[in-house]
Amino acid sequence: NATYPKRGVFKTAGLTNALADQKTTVDLSASRLERLSTLAPELIGQLGTEFTDVLDFFNAVERELVPTVMKATSDAAGIDMAALHRERNHNFRLVDYFKKQSNQGEEAARCGVHKDYGTFSIIFQNRLSGLEYIHPTTGAWTTVAPDHVAIVWGWCGDILSGDRIRATPHRVQSTLPGIRRLSAVLFSAPDLDAVLSPFNGNDAGFCDEIRNGQVTVSQFKDISGKQWRPREGNEDGPRLAPGYDPLEAFVRRV
Numbered sequence: 032n033a034t035y036p037k038r039g040v041f042k043t044a045g046l047t048n049a050l051a052d053q054k055t056t057v058d059l060s061a062s063r064l065e066r067l068s069t070l071a072p073e074l075i076g077q078l079g080t081e082f083t084d085v086l087d088f089f090n091a092v093e094r095e096l097v098p099t100v101m102k103a104t105s106d107a108a109g110i111d112m113a114a115l116h117r118e119r120n121h122n123f124r125l126v127d128y129f130k131k132q133s134n135q136g137e138e139a140a141r142c143g144v145h146k147d148y149g150t151f152s153i154i155f156q157n158r159l160s161g162l163e164y165i166h167p168t169t170g171a172w173t174t175v176a177p178d179h180v181a182i183v184w185g186w187c188g189d190i191l192s193g194d195r196i197r198a199t200p201h202r203v204q205s206t207l208p209g210i211r212r213l214s215a216v217l218f219s220a221p222d223l224d225a226v227l228s229p230f231n232g233n234d235a236g237f238c239d240e241i242r243n244g245q246v247t248v249s250q251f252k253d254i255s256g257k258q259w260r261p262r263e264g265n266e267d268g269p270r271l272a273p274g275y276d277p278l279e280a281f282v283r284r285v
């Protein structure tokens with residue numbers, strides 16, 4: 032956690048906070064791993080081959096899968112997304128939806144409904160169901176097959192594409208008692224200093240700040256964090272009313 036003292040790397044609020052998402056996470060990035068090798072080089076060796084296997088896995092995803100998804104995203108958006116993603120602004124998350132404790136109700140949220148802030152997320156599952164998304168045509172919650180890799184687009188992809196790509200609401204439903212569910216996620220976002228504005232001129236429906244190019248990715252990340260950090264229990268904050276999305280309210284001014 033010393034590599035990211037602001038909020039830590041290993042997050043366990045779900046173990047003690049019944050209102051938070053019932054999970055624990057390890058959040059890594061290239062910059063945090065670089066700091067880790069500087070602050071505690073011996074720790075990488077102590078973590079063993081399982082940790083290095085995880086790093087090898089994420090490196091392979093970056094090298095082999097991210098360019099393919101970025102190309103598909105560019106084609107759908109009608110712009111060169113890669114030009115806005117030059118600084119390897121990727122985060123790697125390991126998620127442990129731990130076995131339910133005796134003091135947790137059956138409906139304790141594993142991961143509440145949300146849209147990701149970045150361009151896209153690549154989600155790997157351990158063959159256990161629970162991940163759901165809202166179908167863009169029917170509007171119904173739809174289960175992702177547990178043996179599938181899911182690609183979910185976020186707000187940055189939505190805005191930069193002028194709504195040609197839509198941010199996808201998704202959640203993880205409650206698992207059965209005694210069942211442990213694991214997932215690994217790569218989050219890809221534009222460079223932090225990139226201007227978050229539609230690059231194809233289709234800016235109808237966005238707030239004035241976005242239409243006028245007054246919001247950077249870094250600023251938008253700070254705004255979006257006010258939504259996800261209280262939900263994950265990493266910061267205190269008000270519980271949101273069901274169905275209310277503050278990011279939607281900011282982006283659309285609804």
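When you number the sequence shown by our numbering, it's gap-free, plus one each residue, and the end is 285.
Every residue, glycine too, gets a C-beta built ideally from N, C-alpha and C.
C-alpha gap between residue i and residue j, whole angstroms
i: Val57; j: Pro208; result: 23 Å
i: Thr288; j: Ile182; result: Only positions 32 to 285 of the chain appear in this structure, which leaves residue 288 out of reach.
i: Ala33; j: Gly232; result: 43 Å
i: Trp172; j: Val246; result: 32 Å
i: Ser205; j: Ala225; result: 37 Å
i: Pro167; j: Pro200; result: 10 Å
i: Asn157; j: Cys187; result: 27 Å
i: Ala235; j: Arg260; result: 29 Å
i: Ile165; j: Arg197; result: 11 Å
i: Ala176; j: Asp147; result: 20 Å
i: Glu137; j: Phe41; result: Legend: pLDDT at Glu137 = 48, less than 50; position of this residue unreliable, value from coordinates given subsequently. Distance between the alpha carbons of Glu137 and Phe41 is about 25 Å.
i: Phe230; j: Thr104; result: 13 Å
i: Phe251; j: Arg283; result: 13 Å
i: Leu96; j: Thr83; result: 19 Å
i: Phe237; j: Gly76; result: 48 Å
i: Pro72; j: Thr80; result: 15 Å
i: Asp276; j: Phe89; result: 30 Å
From the options, residue whose alpha carbon lies closest to that of residue i
i: Asp87; options: Ala108, Leu64, Pro98; result: Leu64
i: Lys140; options: Val248, Thr55, Arg283, Val282; result: It is Ala, not Lys, that sits at residue 140 in the sequence shown. Among Val248, Thr55, Arg283, Val282, the Cα nearest to that of Ala140 belongs to Thr55.
i: Ala215; options: Ile154, Leu46, Ala49, Val97; result: Ile154
i: Val85; options: Phe123, Asp111, Glu95, Lys102; result: Phe123
i: Asn48; options: Arg284, Arg262, Glu240, Arg283; result: Arg262
i: Arg119; options: Arg195, Phe129, Pro177, Val92; result: Val92
i: Asp253; options: Gly149, Val203, Asp239, Asn243; result: Gly149
i: Leu46; options: Phe129, Asp111, Ser255, Ser249; result: Phe129
i: Asp239; options: Ser249, Leu213, Phe230, Phe281; result: Phe281
i: Pro98; options: Thr83, Ser255, Arg117; result: Arg117
i: Leu213; options: Ile75, Gln53, Gly39; result: Gln53
i: Asp106; options: Asp178, Arg195, His179, Val180; result: Arg195
i: Gly39; options: Ala51, Leu50, Leu67; result: Leu67
i: Asp189; options: Asp127, Lys131, Arg94, Ile110; result: Ile110
Pair within 9 Å by beta-carbon distance, residue i and residue j
i: Ile293; j: Leu159; result: Given a span of 32 to 285 for the chain in the structure shown, any question on residue 293 remains unanswerable.
i: Leu191; j: Ala113; result: no
i: His145; j: Ala220; result: no
i: Gly193; j: Phe151; result: no
i: Leu227; j: Gln258; result: no
i: Leu223; j: Val248; result: yes
i: Val180; j: Cys142; result: no
i: Leu125; j: Leu59; result: yes
i: Ala51; j: Ala44; result: yes
Residues bridged to residue i (per DSSP)
i: Asp127; result: Thr55, Leu213
i: His121; result: Ser219
i: Lys42; result: Thr56
i: Val203; result: Cys142, Leu162
Test: residue i CB closer than 9 Å to a CB of chain C
i: Phe218; result: Checking the listed chains, one finds no chain C in this structure; it contains a single protein chain.
Every unbroken alpha helix (DSSP H) within the region 132–201, with a cutoff of 4 residues, ordered by chain:
Correct list: 186–191.
For a minimum of 3 consecutive residues, which ranges assigned as the beta strand (DSSP E) are wholly contained in the region 47–117?
Runs found: 55–60.
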